[in-house]
Amino acid sequence: MLPPMDELRELVAARLAAFPRREAPPAPGLRRAAVTVCVLEDDAGDPYTIMIRRSPHGRNAGQWALPGGRLDDGEQPVEAALRELAEETAVSGVRVAGLLDDYVTDSGFVITPVVAFGGRQRPVADPREVASVHAVPLERFLAPGVPRWSAGLLQMPLGPSIVVHAPTGAILWQFAEVALRGRELRVFDVAQPHWTRT
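Okay, so the sequence shown: first residue is 2 according to this note's numbering, each after it adds one.
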């Protein structure tokens, strides 16, 4: 059972502040990206996270993802994550609670996950990049069977038709353990399925 939103926001921020985050060191050939685990409130005040389905065209076509993308020249990860959140879902003015571990993908990206709270905004998909936006109740992250493993691959079953794999699934698993449960978990070695390596 999750606490009320104000208490949850403070609790998550405190847990992330106490978490010894791992930052990937610079390395030749690695490209930087950032995503936002954005927590919003529905009309009843219950918290949910935004998941997007990528457009059928472009990088990672049709895959489940968190709002995010590459850093522009001179951009910092938090700045990039919030810019992409606004561009892809029209959610802005959020409060950053903290960061999770960098995740280095098989395709050569270093993804920095930013956790933020945005109140009762309503996300709207940018049709150029996002096929659809979906609300995943935070309680779902704490449900039995989340996560699960299939043929050695992590799966985060977050809805009737939402099953998320690494790297996004790994980030969300760490979010659930560190931010929601208050446990320490590292996910740098969670394997990616071959179809996410583009």
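C-beta atoms are modelled at their ideal positions from N, C-alpha and C, and glycine is treated no differently.
Beta-bridge pairing of GLY70 - partner residues as DSSP gives them: ALA35
For ALA66 and THR169, believed in contact at Cβ under 8 angstroms, the rounded distance: 5 angstroms
Identity of the residues DSSP links to PRO1 by a beta bridge: Nothing in the structure corresponds to residue 1, since the chain is present only between 2 and 199.
Three CB pairs or more closer than 8 angstroms across the stretch 113-126 and the stretch 26-44: yes
Collapsed DSSP secondary structure at ALA19 in the structure displayed: helix
LEU101 versus ARG121, VAL92, GLU130 and VAL79, residue with shortest Cα-Cα distance: VAL79
HIS166 burial status per 10 Å Cβ neighbour count (16 or more: buried): buried
Cα-Cα separation between ILE172 and TYR104, rounded to whole angstroms: 8 angstroms
Cβ pair HIS135, MET2 closer than 8 angstroms: no
Proximity of ALA32 and ARG71 at Cβ, strictly below 8 angstroms: For clarity, residue 32 is Arg in the given sequence; the question names Ala instead. Yes, they are a contact pair.
Cutoff 8 angstroms; reference GLN156; Cβ partners in own chain excluding five residues on either side: PRO148, ARG149, TRP150, VAL164, VAL165, HIS166 and GLY170
Integer-rounded CB distance, given that LEU86 should sit under 8 angstroms from PRO48: Contact flag wrong, Cβ pair sits at about 16 angstroms.
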